[in-house]
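Below you'll find the structure, written out as structure tokens, and then a few comments.
2 protein chains.
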Amino acid sequence: MSGEFNLIDKYFAARQSNRDDVQLSLGDDCALLTVPQGYQLAVSTDTVVLGTHFLSDADPADVAYKALMSNISDLAAMGATPAWLSMAISMPEPNEDWLAPFCDSLFALADEHNLQLIGGDTTKGPLTISFTIQGFVPQGKALMRSGAQVGDWIYVSGALGDSHAGLEVILDKSKAEKPFAKHLVRQHFRAQSRIDFAQSLLGIASSCIDISDGLISDIKHILKASRVNAKVHIDKLPVSDELIAFYGNSTQARNTALMSGEEYELCFTIPQKHKAMFDELMAGSDTKAHCIGQIVSRDDIEDTSASFIQFLRNDTPISNEEKASIQQGFDHFN
Amino acid sequence: MSGEFNLIDKYFAARQSNRDDVQLSLGDDCALLTVPQGYQLAVSTDTVVLGTHFLSDADPADVAYKALMSNISDLAAMGATPAWLSMAISMPEPNEDWLAPFCDSLFALADEHNLQLIGGDTTKGPLTISFTIQGFVPQGKALMRSGAQVGDWIYVSGALGDSHAGLEVILDKSKAEKPFAKHLVRQHFRAQSRIDFAQSLLGIASSCIDISDGLISDIKHILKASRVNAKVHIDKLPVSDELIAFYGNSTQARNTALMSGEEYELCFTIPQKHKAMFDELMAGSDTKAHCIGQIVSRDDIEDTSASFIQFLRNDTPISNEEKASIQQGFDHFN
Chain W
1 MSGEFNLIDK YFAARQSNRD DVQLSLGDDC ALLTVPQGYQ LAVSTDTVVL GTHFLSDADP
61 ADVAYKALMS NISDLAAMGA TPAWLSMAIS MPEPNEDWLA PFCDSLFALA DEHNLQLIGG
121 DTTKGPLTIS FTIQGFVPQG KALMRSGAQV GDWIYVSGAL GDSHAGLEVI LDKSKAEKPF
181 AKHLVRQHFR AQSRIDFAQS LLGIASSCID ISDGLISDIK HILKASRVNA KVHIDKLPVS
241 DELIAFYGNS TQARNTALMS GEEYELCFTI PQKHKAMFDE LMAGSDTKAH CIGQIVSRDD
301 IEDTSASFIQ FLRNDTPISN EEKASIQQGF DHFN
Chain C
1 MSGEFNLIDK YFAARQSNRD DVQLSLGDDC ALLTVPQGYQ LAVSTDTVVL GTHFLSDADP
61 ADVAYKALMS NISDLAAMGA TPAWLSMAIS MPEPNEDWLA PFCDSLFALA DEHNLQLIGG
121 DTTKGPLTIS FTIQGFVPQG KALMRSGAQV GDWIYVSGAL GDSHAGLEVI LDKSKAEKPF
181 AKHLVRQHFR AQSRIDFAQS LLGIASSCID ISDGLISDIK HILKASRVNA KVHIDKLPVS
241 DELIAFYGNS TQARNTALMS GEEYELCFTI PQKHKAMFDE LMAGSDTKAH CIGQIVSRDD
301 IEDTSASFIQ FLRNDTPISN EEKASIQQGF DHFN
């Protein structure tokens, strides 16, 4: 208890929601929970560290929102419904000025998703927050990285690149005067996960991932798990008007869209046989999705090395020079 | 991925066991898991931080063992069976000299308990390890803190105090020459959780807690949750011969036993109606348990303030001076 600063009661115990499937949460050695019949449990862990994932002048409300959204987004990528959250938080000392806005933001977002804090640990140490989120997905229906097949269409939800442009502004204050800089910073801290949209893809999409490492990186995770390659049309990448205005041209906007991480948009594949069902879904959906390419076999394109993406513009493979420049940009991002 | 040092494959992915209830573990956005029918899920999170919970010269194998054992012990306290582990680890840089012995020790202990690593996050940051452990307990049968009733007998398993004496040696090298110093340091790092014994208490004990904060503190957790008080016989506290030899007298050994945390022994209550069943269990058990007192109502002893323990020696309440000295010692420990 001594290590827990007695903050648990004040900031955490009183603020939790009360889900029916939580029989016991804070206040004993473990939480006791019931998973509904016919569902699998989906579990993911994410950590954010001061100095690595956020700066000391970051708004605690933004830190809570972004960290939890990233964790929620992992559930979204599988088509799971959020249920329970465990939080490990280390702080050098109990700083209530920091904790109060952090908790307000955390619980507001958790409540939006009917996500209950079921336990955790509060310790003395450098500022670090680690979430383990749990959710439910109908038995055998989860959207995995490994289901993409040759011929499937590759889609991305929303628009890409805003989050990285926002980060550029945070790291280089001279960019704060560029068009829509403030909007893009907000997109960085408050990118939205596609949790409801992902659930509507259950039974329709063959694979799915959330864009947390950057589109190129994340598509490659699908290709590796599914043992296929892909063709991606750079000119079809969806980017926002604000991003184009920020960079002053769409080429740079789309290059950023290829690599920007922490977007929490979804990249997913739709088999031809589900295409009509998908188009019907999209006709009634508030979320936009754009087809950016197609899954091909490893023999279909000249480079048959593992997890290869062939980039095209105007249906023509890009030049070797541009390929090299994208690779360079990608290495630089990482 | 950039933050994950590509160490996941090398140190974690290849080392996991393969439980039938794990449909997907490392390598996708979430793990996918199935809880057996008729069981509740028990979940607990524990964090250890360099400088707070262990020193920089600590053996990484000891750090892994102690941190995981503490987490396993939370399941033991509920009578749950370990199943799945998520790990968030932050390190300043990928230090393989540290990770290799850490992982060897971690996986050896996890394997002993059929505990599978199902996911986690590896990030750059000050050395911090956070575990979220999950296990199963038969629906409605978990040992909780809130079940103690007036008249129940209070027991502790094993012997108490060794862990704290070991910590004294670690923090004050001059004590390394005292009797059994090395043995007690090992007890500190390698205290054993009573996971099997706890499961044998399901349906017999009315409440249970693991001794992680110190006996006084942990009994008070039971008293608070159960809304009762307790009488505890100090002279009946089980202490090891090694602890008595280390201090040179049994009084100091028992005072340490009252306050020593991180023991992972169990404190539990047995109703009179289950006493015969419990005695039969103990007759066939390798684990020893000692009755140290009894649950009383809040009106039974003069101080009716919340969660009060009356201490006795030779069946006589201890003096006010000794009471004050214990309180002082307890405050000092915390």
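So the protein lines, in turn, are chains W and C. Under the UniProt record's numbering, residues 1 to 334 are what the first sequence spells out, in order. Under the UniProt record's numbering, residues 1 to 334 are what the second sequence spells out, in order. Glycine included, C-beta positions come from ideal geometry on N, C-alpha and C. Since this is a predicted model, take the numbers as computed values, not measurements.
Could you say which of the options lies nearest to residue i if we only look at CA atoms?
{"i": "P126(W)", "options": "I216(W), K220(W), V48(W), L243(W)", "result": "V48(W)"}
{"i": "S193(W)", "options": "K66(W), K220(W), P138(W), V228(W)", "result": "K66(W)"}
{"i": "S297(C)", "options": "C30(C), E177(C), S240(C), S226(C)", "result": "S226(C)"}
{"i": "L106(C)", "options": "A80(C), M144(C), Q187(C), R15(C)", "result": "R15(C)"}
{"i": "E262(W)", "options": "S163(W), L184(W), D286(W), I219(W)", "result": "S163(W)"}
{"i": "L24(C)", "options": "I154(W), A31(W), T45(W), A142(W)", "result": "A142(W)"}
{"i": "L55(C)", "options": "L171(C), F136(C), D286(C), T45(C)", "result": "L171(C)"}
{"i": "D299(W)", "options": "I309(W), I292(W), C291(W)", "result": "I309(W)"}
{"i": "G120(W)", "options": "Q327(W), D20(W), D28(W)", "result": "D28(W)"}
{"i": "Q134(C)", "options": "P60(W), S44(W), G248(W), H113(W)", "result": "S44(W)"}
{"i": "A13(W)", "options": "I118(W), K224(W), E322(W)", "result": "I118(W)"}
Alpha helix (DSSP H) containing residue i: first to last residue?
{"i": "R254(W)", "result": "250–259"}
{"i": "C103(C)", "result": "96–112"}
{"i": "D279(C)", "result": "275–283"}
{"i": "G166(C)", "result": "162–171"}
{"i": "L223(C)", "result": "215–226"}
{"i": "L237(C)", "result": "Element bounds for L237(C): n/a, residue is neither H nor E."}
{"i": "Y264(W)", "result": "First-last for Y264(W): undefined, no H or E at that position."}
{"i": "F197(W)", "result": "195–200"}
{"i": "H183(C)", "result": "181–190"}
{"i": "Y65(W)", "result": "60–78"}
Can you give the Cα-Cα distance for residue i and residue j, rounded to whole angstroms?
{"i": "C267(W)", "j": "M87(C)", "result": "26 Å"}
{"i": "S325(W)", "j": "Q252(W)", "result": "12 Å"}
{"i": "G214(C)", "j": "A76(C)", "result": "16 Å"}
{"i": "N18(W)", "j": "T128(C)", "result": "30 Å"}
{"i": "G151(C)", "j": "K231(C)", "result": "10 Å"}
{"i": "I318(C)", "j": "A289(C)", "result": "24 Å"}
{"i": "L41(C)", "j": "M259(C)", "result": "31 Å"}
{"i": "P36(W)", "j": "W84(C)", "result": "18 Å"}
{"i": "S169(C)", "j": "G38(C)", "result": "One detail in the question is off: residue 169(C) reads as Val in this sequence, not Ser. If you take the alpha carbons of V169(C) and G38(C), they lie about 46 Å apart."}
{"i": "F5(W)", "j": "D210(C)", "result": "The predicted position of F5(W) is uncertain, since its pLDDT is 47 and thus under 50; a value taken from the coordinates is nonetheless stated next. F5(W) and D210(C): Cα-Cα distance of roughly 20 Å."}
{"i": "H53(W)", "j": "G158(C)", "result": "44 Å"}
{"i": "I222(C)", "j": "A148(C)", "result": "7 Å"}
{"i": "F246(C)", "j": "A257(C)", "result": "13 Å"}
{"i": "L201(W)", "j": "D62(C)", "result": "46 Å"}
{"i": "V239(C)", "j": "M69(C)", "result": "21 Å"}
{"i": "C103(C)", "j": "R190(C)", "result": "16 Å"}
{"i": "I154(C)", "j": "N229(C)", "result": "11 Å"}
{"i": "I295(W)", "j": "D57(C)", "result": "51 Å"}
{"i": "residue 340(C)", "j": "F311(C)", "result": "Beyond the ends of chain C as shown, which are 1 and 334, falls residue 340(C); an answer cannot be given."}
{"i": "S207(W)", "j": "S146(W)", "result": "6 Å"}
{"i": "M78(C)", "j": "E96(W)", "result": "32 Å"}
Starting from residue i, follow the beta strand (DSSP E) in both directions and report where the run begins and ends.
{"i": "D124(W)", "result": "Note that residue 124(W) is Lys in the sequence shown here, rather than Asp. 116–124 is the span of the beta strand (DSSP E), which, as asked, contains K124(W)."}
{"i": "T287(W)", "result": "Where T287(W) is concerned, there is no enclosing beta strand (DSSP E), given that its DSSP letter is neither H nor E."}
{"i": "residue 408(C)", "result": "A query on residue 408(C) cannot be resolved here, the shown segment of chain C reaching from 1 to 334 and no further."}
What does the Cβ neighbour count give for residue i, buried or exposed, with the cut at 16 atoms within 10 Å?
{"i": "D279(W)", "result": "exposed"}
{"i": "N314(C)", "result": "exposed"}
{"i": "S2(C)", "result": "Confidence at S2(C) is low in this model, with a pLDDT of 40, below 50, so the placement of that residue should be treated as unreliable; the coordinate-derived value is given next. By the 10 Å Cβ count, S2(C) comes out exposed."}
{"i": "A165(C)", "result": "buried"}
{"i": "A283(W)", "result": "exposed"}
{"i": "K182(W)", "result": "exposed"}
{"i": "F276(W)", "result": "Here the sequence assigns Ala to residue 276(W), which means Phe is not the residue at that position. A276(W) comes out exposed."}
{"i": "A108(C)", "result": "exposed"}
{"i": "Q116(W)", "result": "buried"}
{"i": "A110(W)", "result": "buried"}
{"i": "G203(W)", "result": "exposed"}
{"i": "N255(W)", "result": "buried"}
{"i": "K220(W)", "result": "buried"}
{"i": "E93(C)", "result": "exposed"}
{"i": "N71(W)", "result": "buried"}
{"i": "D241(W)", "result": "exposed"}
Which bits of chain A does residue i rub up against, with CB to CB less than 9 Å?
{"i": "L109(C)", "result": "Absent from the structure is chain A; the protein chains it does hold are W and C."}
Identify each residue in the stretch 64–86 of chain C for which the Cβ-Cβ distance to at least one residue of chain W is less than 9 Å, and report them in chain order.
S73, D74, L75, A76, A77, M78, A80, W84, S86
Which residues, in chain order, does the stretch 10–33 of chain W contribute to contact with chain C at a C-beta distance below 9 Å?
Q23, L24, G27, D28, D29, C30, A31, L32, L33
With 9 Å as the limit, tell me which residues of the stretch 113–126 of chain C have their beta carbon closer than that to any beta carbon of chain W; keep them in chain order.
I118, G119, G120, D121, T122, T123, K124, G125, P126
Contact set between the stretch 262–277 of chain C and chain W, restricted to residues whose Cβ is under 7 Å from the partner:
none
Give, in chain order, every residue of the stretch 41–66 of chain C whose Cβ lies closer than 9 Å to some Cβ of chain W.
L41, A42, V43, S44, T45, D46, T47, V48, V49, L50, G51, T52, H53
Residues of the stretch 145–168 of chain W with Cβ closer than 9 Å to any Cβ of chain C, in chain order:
R145, S146
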